[in-house]
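No gaps in the numbering here: position 73 of the sequence shown is 76 in the numbering used here, and each next residue is one more. The block underneath contains the structure these notes are about, expressed in structure tokens.
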Amino acid sequence: MLGAQRCAGGVEHEFQRDYYDLIKKFSERSGVPAVLNTSFNENEPIVETPDQAVNCFVRTDVDVLVLGPFVTVKREQGAGSKEQGEHRTLNLEPGT
Numbered sequence: 004m005l006g007a008q009r010c011a012g013g014v015e016h017e018f019q020r021d022y023y024d025l026i027k028k029f030s031e032r033s034g035v036p037a038v039l040n041t042s043f044n045e046n047e048p049i050v051e052t053p054d055q056a057v058n059c060f061v062r063t064d065v066d067v068l069v070l071g072p073f074v075t076v077k078r079e080q081g082a083g084s085k086e087q088g089e090h091r092t093l094n095l096e097p098g099t
């Protein structure tokens, strides 16, 4: 949407370690020291709970869902379509 964006900067490692580390890793891989996010919803109010996030992920064309240390990736099915329920989840907690 034009006019609906804003730049938020100043992510500090001390207060937002996971987000800071994500931006740092993305910068190392891409050369771009920034990430872009958007509201997470489709024709509904913005997602506010893990259950709402999973429901939105399953019924939309979102490819990857990250909730805390968990990364869920949809599997491709045939000619670019994604079937509900076909995904895998990785736990990124240290020591797992």
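Beta carbons are placed, not taken as given, at the ideal position from N, Cα and C, and that holds for glycine.
Counted as a single uninterrupted DSSP element, the stretch harbouring residue 73 is not any alpha helix (DSSP H) but the beta strand (DSSP E) occupying residues 73-77. With contacts defined by Cβ atoms closer than 7 Å, residue 50 and residue 43 form a contacting pair. By the CB criterion at 7 Å, residue 70 and residue 60 fall outside the cutoff. Nearest to residue 46 by alpha-carbon distance, out of 58, 37 and 53, is 58.
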